[in-house]
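Here the structure is laid out as structure tokens; the discussion comes afterwards.
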Amino acid sequence: GAVVSQHPSWVICKSGTSVKIECRSLDFQATTMFWYRQFPKQSLMLMATSNEGSKATYEQGVEKDKFLINHASLTLSTLTVTSAHPEDSSFYICSVNRGLTQYFGPGTRLTVL
Amino acid sequence: GIQVEQSPPDLILQEGANSTLRCNFSDSVNNLQWFHQNPWGQLINLFYIPSGTKQNGRLSATTVATERYSLLYISSSQTTDSGVYFCAVGGGADGLTFGKGTHLIIQP
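As they're listed, the protein sequences go chains A and B.
Going by my numbering, the final residue of the first sequence carries number 292, and the count climbs one at a time with no gaps.
Going by my numbering, the final residue of the second sequence carries number 91, and the count climbs one at a time with no gaps.
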């Protein structure tokens, strides 16, 4: 398998502030990482594909200027939610591909007041 | 894009019962995975099964790619099996498209 960590596990912030979420691949180098969002009692929705050394690819309807993704190394991708608003409150989960199987991090619960 | 439908949406069983969860998808896929999301939100990999049959303990899965469906079987259910089961599909190295999940409750 693959071991994926996320930091922080949960975060509470005020409306208008920015929040950075880290996703780390602990046991292998990942050229590609994925970011998903899950609202309460709903399914996971793919937000973007993070590519090491290049720009992220965003899914339709996801604002790239609001959700900044930086994949600076083969083990770290970051998602920054800029100018967060209450509607951005959600569970953010990252994943990595190892072979053709995706492995998921434990998620970050974001609450925007 | 590809559509993924899971059924049933909710399932309540007594401990020891068996269950079958279904996943239908609208197009051919290179990747199909089953996950169990625990109460803390962690997605646990159950099976990578784009075709064929696999078994792991009390769980087994079958995917009939030509008919675009997959089944997850849980035998002798335990309370720890409770949670949401997701089917997700993709095109290999792409991100996954998830179904809406089956919320399973196992009562003691």
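We put the beta carbon where it would ideally sit given N, CA and C, even for glycine.
- [ ] May I have the straight-line CA-CA distance separating H264(A) from Y282(A), to the nearest angstrom?
- [x] About 29 Å.
Open item on the list: Here's the rule I'm using: 16 or more other beta-carbon atoms within 10 Å means buried, otherwise exposed. How should V47(B) be labelled?
Closed with: Here V47(B) is exposed, its C-beta having fewer than 16 other C-beta atoms within 10 Å.
TODO: From the DSSP output, in three-state form, read off D267(A) for me.
DONE: DSSP places D267(A) in helix when its eight states are reduced to three.
Open item on the list: Given this structure, state the Cα-to-Cα distance separating C202(A) from Q217(A), to the nearest angstrom.
Closed with: About 16 Å.
Open item on the list: Could you check whether the Cβ of L205(A) sits closer than 8 Å to any heavy atom belonging to the ligand NAP?
Closed with: Ligands are entirely absent from the displayed structure, and the ligand NAP is therefore not among its contents.
Open item on the list: Does I200(A) pass the burial test, meaning 16 or more other C-beta atoms within 10 Å, or should it be called exposed?
Closed with: I200(A) should be labelled buried.
Open item on the list: By the DSSP assignment, the beta strand (DSSP E) with L55(B) in it spans what residues?
Closed with: Taken as a continuous stretch (DSSP letters only), the beta strand (DSSP E) holding L55(B) covers Y52 to I57.
TODO: May I ask you to report which of helix, strand or coil DSSP gives A77(B)?
DONE: Per the sequence shown, the amino acid found at residue 77(B) is Asp instead of Ala. Of the three classes helix, strand and coil, the one that applies to D77(B) here is coil, per DSSP.
Task: Beta bridge counterpart(s) of A44(B) as assigned by DSSP - done: Beta bridge pairing from DSSP links A44(B) with K37(B) and L55(B).
TODO: Could you list which residues in chain B have their beta carbon closer than 7 Å to that of S233(A), in chain order?
DONE: Neighbours of S233(A) on chain B: none; closest Cβ ~15 Å, over 7 Å.
- [ ] Please look up how many angstroms separate the CB atoms of I89(B) and N1(B), rounded, as I've assumed it's under 8 Å.
- [x] Actually they do not touch by this definition, with Cβ atoms about 11 Å apart.
Open item on the list: Would the segment 206 to 214 of chain A count as touching the segment 247 to 263 of chain A if we require 3 or more Cβ pairs under 8 Å?
Closed with: These segments touch.
Open item on the list: Taking the alpha carbon of A227(A) as the reference point, which residue from L292(A), V291(A), G278(A) and S274(A) has its own alpha carbon closest?
Closed with: Ranking the options by Cα distance to A227(A), first place goes to S274(A).
Open item on the list: For N39(B), count the other beta carbons within 10 Å of its own beta carbon; 16 or more makes it buried, fewer makes it exposed. Which is it?
Closed with: Label assigned to N39(B): exposed.
Task: Beta-carbon proximity of G82(B) to F69(B), cut-off 9 Å - done: It is a contact, given that the beta carbons lie within the stated cut-off.
- [ ] Pick helix, strand or coil for D64(B), following the three-state DSSP scheme.
- [x] The answer is helix: DSSP assigns D64(B) an H, G or I state.
Open item on the list: Check for me: the beta strand (DSSP E) holding W17(B) runs from which residue to which?
Closed with: Counting along the chain, the beta strand (DSSP E) containing W17(B) begins and ends at N14 to Q20.
- [ ] Compare the beta carbon distance of W23(B) and P285(A) with 9 Å and say whether it is the shorter of the two.
- [x] The answer is yes: Cβ separation under 9 Å.
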